[in-house]
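Comments concern the structure below.
Numbering (the UniProt record's numbering), first residue to last: 1 to 578.
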């Protein structure tokens, strides 16, 4: 066992030791199961040597059958207790692992989601965590119960006929070498298989999420080819793993058959010499044949062990992912909302060109700033620095004169509401979506947010009103209704700072009017950073900030910037003049 494998089991033990009382009980019941394996061949041998003689009729008729029933009754109780306690412990372990992974993915930086696909994350939580638990359950049960069984049977064999037992012992190292020889290959194959399984999950997740795009653009054949390629690749790894595992079993059985054949030959010679009886031979050969089953279990353990260890690399790798840096202090009161960017520079990881360069911008509390510029100009990068989704490379961002780095993430994000261009809703009730993040929703505030977002008529027409479940990402609502529900969520939070990325999706005039009225309610009295796409928003902004290649090139009001005939005037003519 190498250091990495030992470290993996140590981490799993830390999670399991809180249930060690049940594990100790399981150990006792597994020992009981192992002892019953020895009892049966002994009873059988005694029956053959003594039970069929006339003077032992009562022994054969009542006592030995009763003993056999008692042995198997005791064995059944031990087996059930072991199975129940191991299942109880393993399901607790599975819950703990999944909870740790889920807690981590809620706390990692945004960059994590750029390197890990959703399919990969889902596969780690659902499949790989389960494989670890399967490994632990099978490993503990097999290693302890079957190892104890092997020890008990070998001890019995040595007691009954040590010479014949030595033949069996000579072949055990050969079996161990055979198992060890395929371990490394199995570990590598299982790691590759898990990776491909994650890729296949991602293909399925994308096809499900993008089903409308696939149909409109005729992508069914392309998606089927992607699925078939990954599916076939997964099948290939499965077959390679099967060959590696399956080849161990017949080789082990062949070695066992050789041992049995030699034992039979030697036993016949001992019988001729009068040094053994029929009962001794039968109990020995029975115990030896019973020894094959636990030995086979121990040999077959290598497959699930390597699958579980490969999964553990992935699971613990995700659990050990570095979380968001959070060393700041909580704000003592609600923020006023004044924001200052001081010579702020930022470059995305693994990219050379800066996304933002020397940003100097002071935003007064309650001011609305419309960010305008061509795609890639830095608008989204700038607003993503405010909730600290990313950290500037240099310079500073201040909230009410305090550096964002000195404010805890939870406290900072309490001051911010966000409405994105791509609306994100949850498969839950209207109330739960509006009051998202509030453990005890205030129904009066929910109703007020519904009214302010112009959703009153919509909610009234729903079958269960505010309790209506809206489906995956709000699929039971129209586009405009979904946008207004996201606005209602921001209204409910009542944060002093608002980040708004206006949707560019085309809405009918009635929906457009309702959304604009909801936005007017939302922005009232808040410091607002808006990535503007509506001319009405731009015209009513306190100031317009024009970004080009990550730098601020113009700042002013709509009429002032038009009069300058600069970058903004050109953008206006391109986007709105028609």
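Where is the CB? At the ideal position from N, CA and C, for every residue including glycine.
Alpha helix (DSSP H) containing residue i: first to last residue?
i: residue 29; result: 20-46
i: residue 139; result: 129-140
i: residue 448; result: 443-452
i: residue 335; result: No alpha helix (DSSP H) holds residue 335; DSSP gives it neither H nor E.
i: residue 439; result: Residue 439 -> no alpha helix (DSSP H), and no H or E assigned at all.
i: residue 569; result: 567-575
i: residue 460; result: 456-461
What is the DSSP secondary structure of residue i, reduced to helix, strand or coil?
i: residue 494; result: coil
i: residue 543; result: strand
i: residue 319; result: helix
i: residue 374; result: coil
i: residue 203; result: helix
i: residue 342; result: strand
i: residue 380; result: helix
i: residue 530; result: strand
i: residue 538; result: helix
i: residue 351; result: coil
i: residue 386; result: coil
i: residue 468; result: coil
i: residue 579; result: Residue numbering for the chain in the displayed model covers 1 to 578; residue 579 lies beyond these limits and cannot be assessed.
i: residue 221; result: helix
i: residue 368; result: strand
i: residue 12; result: helix
i: residue 524; result: coil
i: residue 301; result: coil
Would you say residue i and residue j are within 8 angstroms of each other, going by their C-beta atoms?
i: residue 98; j: residue 19; result: no
i: residue 308; j: residue 131; result: yes
i: residue 379; j: residue 500; result: no
i: residue 477; j: residue 485; result: yes
i: residue 194; j: residue 311; result: yes
i: residue 580; j: residue 550; result: Lying outside 1 to 578, the shown extent of the chain, residue 580 is not represented and no answer is given.
i: residue 301; j: residue 139; result: yes
i: residue 85; j: residue 26; result: yes
i: residue 468; j: residue 497; result: no
i: residue 201; j: residue 119; result: yes
i: residue 145; j: residue 33; result: yes
i: residue 493; j: residue 321; result: no
i: residue 137; j: residue 90; result: yes
i: residue 71; j: residue 29; result: no
i: residue 521; j: residue 452; result: yes
i: residue 266; j: residue 164; result: yes
i: residue 454; j: residue 502; result: no
i: residue 304; j: residue 126; result: no
i: residue 403; j: residue 330; result: no
i: residue 230; j: residue 196; result: yes
i: residue 388; j: residue 412; result: yes
i: residue 294; j: residue 170; result: no
i: residue 222; j: residue 192; result: no
Compare the C-alpha of residue i against each of the options and name the closest.
i: residue 341; options: 112, 311, 363, 423; result: 363
i: residue 370; options: 125, 139, 103, 558; result: 558
i: residue 39; options: 517, 259, 226, 153; result: 153
i: residue 338; options: 358, 331, 317, 366; result: 366
i: residue 198; options: 234, 225, 409; result: 234
i: residue 64; options: 44, 76, 80; result: 44
i: residue 535; options: 468, 372, 525, 25; result: 372
i: residue 142; options: 296, 526, 285; result: 296
i: residue 204; options: 115, 227, 9; result: 227
i: residue 108; options: 351, 325, 359, 464; result: 325
i: residue 101; options: 83, 88, 314; result: 314
i: residue 392; options: 402, 381, 257, 401; result: 381
i: residue 8; options: 539, 368, 306; result: 306
i: residue 554; options: 384, 161, 545; result: 545
i: residue 283; options: 156, 10, 447, 17; result: 156
i: residue 386; options: 414, 68, 374; result: 414
i: residue 495; options: 390, 333, 423, 471; result: 333
i: residue 384; options: 456, 417, 287, 566; result: 417
Just reading off the beta strand (DSSP E) that residue i is part of, what are its end residues?
i: residue 553; result: 551-556
i: residue 357; result: 356-363
i: residue 477; result: Taken as a continuous stretch (DSSP letters only), residue 477 belongs to no beta strand (DSSP E), as it is neither H nor E.
i: residue 152; result: Segment 147-160 is the alpha helix (DSSP H) holding residue 152; no beta strand (DSSP E) there.
i: residue 144; result: First-last for residue 144: undefined, no H or E at that position.
i: residue 396; result: 394-399
Taking 8 angstroms as the CB-CB limit, is residue i close to chain D?
i: residue 317; result: The chain inventory of the structure shown lacks chain D, comprising one protein chain alone.
- alpha helix (DSSP H) runs wholly inside the segment 63-118, at least 4 long, in chain order: Uninterrupted alpha helix (DSSP H) stretches at least 4 residues long and entirely within the segment 63-118 occur at 64-105, 110-115, given in chain order.
- Task: Give, in chain order, every unbroken run of the alpha helix (DSSP H) that is at least 4 residues long and sits entirely within the segment 407-437.
- Result: Here the runs fully enclosed are 409-414, 430-434.
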